[in-house]
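Notes for the one structure printed next.
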Amino acid sequence: MKQLKICVERAVRPLRANNRRKDRMREELLAHLQELYHEELARLIDPSAALDQAMRRFGDPAELRRELQDSVPLLERWLFVPVGPRSFQRFERRLSRPGENESALRFALRQTGWSALWMGILCLMFAILYLSAVLGLSRPVRPARETIPVVIASTTLTLLFTLLLPLLTCGMHGAMQERRERRRSAMKIVAYGLLGAVSVFAIGLGCGVLLSKQLQFGSQWLWGLTAVTVLTPLFSAFVARVWVSEARRYRDWESLEIDQ
Amino acid sequence: MRRIDGDVLRGHLETMVLSVLERSDAHGFEILRRLEAMGCGALRLKEGTLYPALYRLEKAGSVRAAWEENPGGRRGPRRRVYRITRKGLRQLIRARQTWRQFVSVVGGIVETTA
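Taken in order, these protein sequences are the chains called A and B. Numbered according to the working numbering, the first sequence spans residues 1 to 260. Numbered according to the working numbering, the second sequence spans residues 1 to 114.
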């Protein structure tokens with residue numbers, strides 16, 4: 001049945017459309033092609049001849065691709081136009097996926113490194129804006145003592161999630177593998193969740209201490225922080241679960257060699 | 001009977017699909033089988049090209065689709081069952097009127113012998 005999947009993938013993969021739409025097309029076209037194959041197999045008996053005949057009746061994937069592309073809404077087509085040269089697209093693809101034999105930790109650190117770079121650029125821009133506001137405006141601006149802790153806390157939180165999510169995702173992948181792997185992966189998931197919760201609590205507490213005058217902050221703040229701390233592992237696990245399910249769905253299709 | 005292929009059918013495929021769906025809901029494979037049966041085997045269509053037509057109709061709101069819920073023990077990828085909407089029915093009525101006018105006008109010209 002791999003040949004049938006390749007036939008479908010030749011028509012669908014190059015489309016400029018969102019993954020959900022492509023996935024729907026893949027499943028529906030494959031269902032049709034499989035029925036064609038079974039019909040031909042019942043008639044011809046020979047599987048190889050049935051395969052050829054089914055693909056012939058289905059039509060040329062390149063022609064089908066053009067027609068499928070026309071059925072995608074114009075805005076979506078425009079949104080999914082590949083940006084930049086092929087080398088940039090390859091770079092972007094390599095950035096967002098773990099390499100072959102790359103460990104989860106290395107992949108997570110790589111992603112965190114890139115995020116840190118972008119966050120650094122954003123922080124620099126923010127600092128320039130802040131300084132120009134301080135120097136150029138006559139009216140008083142929010143003091144740095146209040147602003148900087150918030151910037152540092154939000155940057156650290158973002159980096160923390162960038163690190164945690166790939167680790168959780170890889171842990172979940174592992175949990176769905178062999179029985180032997182499951183226990184270790186489950187422990188990893190719990191450990192990453194706890195690490196996330198403790199880090200969020202520490203960052204929130206630090207931020208609260210820096211922001212509060214005379215180191216006093218109300219019980220309301222602590223309750224809020226505790227709620228966020230409890231929700232952090234749940235939220236991270238939910239996002240990682242969505243990633244795992246998407247990755248599982250597309251991995252089979254994307255691994256197909258469709259070059260003719 | 002001489003076969004009618006994709007190029008001739010292309011402009012009328014959406015109307016034919018709506019016409020099939022007017023009778024009852026169906027998935028893509030079933031739509032094609034019904035088209036073949038109604039065309040007495042004279043229609044020759046690359047089967048994949050049905051789906052862009054269905055997606056265009058869906059985008060226009062003329063049909064609605066849902067994944068098949070009870071495939072009757074069928075294994076493998078799911079199929080989507082298409083249903084004609086009120087908008088689709090109105091589109092079908094208009095397409096039939098246009099078709100009759102086309103046949104009447106063009107048929108009158110083409111069939112006139114010298």
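Just so you know, even glycine gets a beta-carbon here, dropped at the ideal spot from N, CA and C.
| By Cβ distance below 6 Å, which residues in the same chain neighbour residue 225 of chain A in space, the five residues on each side in sequence not counted? | As a first step, residue 225 of chain A is located in the first sequence; it is residue number 225 there, counting from the start. Only 204 meet the Cβ criterion.
| query | Does the count of Cβ pairs from the stretch 220-236 of chain A and the stretch 187-202 of chain A closer than 8 Å reach three? | reply | yes
| When A/100, A/135 and A/152 are compared against residue 210 of chain A, the one with the closest alpha-carbon | Numbered from its first residue, the first sequence carries residue 210 of chain A at position 210. The shortest Cα separation from residue 210 of chain A among A/100, A/135 and A/152 belongs to A/152.
| query | Since residue 84 of chain B contacts residue 18 of chain B with CB under 8 Å, what's their CB separation in whole angstroms? | reply | For the purposes of this step, residue 84 of chain B is taken as residue 84 along the second sequence, with counting starting at 1. For the purposes of this step, residue 18 of chain B is taken as residue 18 along the second sequence, with counting starting at 1. Indeed they touch by this definition, with Cβ atoms about 6 Å apart.
| said: Considering Cα atoms alone, identify which of A/182, A/72, A/154 and A/247 is closest to residue 207 of chain A. | reply: Indexing the first sequence from 1 puts residue 207 of chain A at position 207. Ranking A/182, A/72, A/154 and A/247 by Cα distance to residue 207 of chain A puts A/154 first.
| task | Pick helix, strand or coil for residue 15 of chain A, following the three-state DSSP scheme. | result | The residue you call residue 15 of chain A lines up with position 15 of the first sequence. In this structure, residue 15 of chain A counts as coil in the three-state DSSP scheme.
| said: Taking only three categories from DSSP, how would you classify residue 72 of chain A? | reply: The residue you call residue 72 of chain A lines up with position 72 of the first sequence. In this structure, residue 72 of chain A counts as coil in the three-state DSSP scheme.
| Contact residues within the stretch 155-174 of chain A, judged by C-beta distance below 8 Å to chain B | If you check each beta-carbon in the stretch 155-174 of chain A against every beta-carbon of chain B, none falls closer than 8 Å.
| task | Run down chain A in chain order and give the residues with a C-beta less than 7 Å from the C-beta of residue 49 of chain B. | result | Taking the second sequence and counting its residues from 1, the one referred to as residue 49 of chain B is at position 49. Under the 7 Å cutoff, chain A gives 59, 64 and 67.
| Just how far apart, CA to CA, sit residue 106 of chain A and residue 94 of chain A? | For this step, residue 106 of chain A is matched to residue 106 along the first sequence. For this step, residue 94 of chain A is matched to residue 94 along the first sequence. Computed Cα separation, rounded: 13 Å.
| request: Can you give me the start and stop residues for the beta strand (DSSP E) that residue 84 of chain B sits inside? | output: Residue 84 of chain B sits at position 84 when you count from the first residue of the second sequence. It spans 80-84 - the beta strand (DSSP E) in which residue 84 of chain B sits, taken as one unbroken run.
| said: Quick check: what's the CA-CA separation for residue 28 of chain A versus residue 78 of chain B? | reply: Locating residue 28 of chain A in the first sequence gives position 28, counting from the first residue. Locating residue 78 of chain B in the second sequence gives position 78, counting from the first residue. Cα to Cα, the separation comes out at about 7 Å.
| said: I need the straight-line Cα distance from residue 163 of chain A to residue 241 of chain A, nearest angstrom please. | reply: Along the first sequence, one-based indexing puts residue 163 of chain A at 163. Along the first sequence, one-based indexing puts residue 241 of chain A at 241. Distance between the alpha carbons of residue 163 of chain A and residue 241 of chain A is about 15 Å.
| task | Kindly indicate which three-state DSSP category residue 63 of chain B falls into: helix, strand or coil? | result | As a position in the second sequence, residue 63 of chain B is number 63, starting the count at 1. The answer is strand: DSSP assigns residue 63 of chain B an E or B state.
| request: Say whether chain B places a C-beta atom closer than 8 Å to the C-beta of residue 70 of chain A. | output: Indexing the first sequence from 1 puts residue 70 of chain A at position 70. Cβ-Cβ to chain B under 8 Å: yes for residue 70 of chain A.
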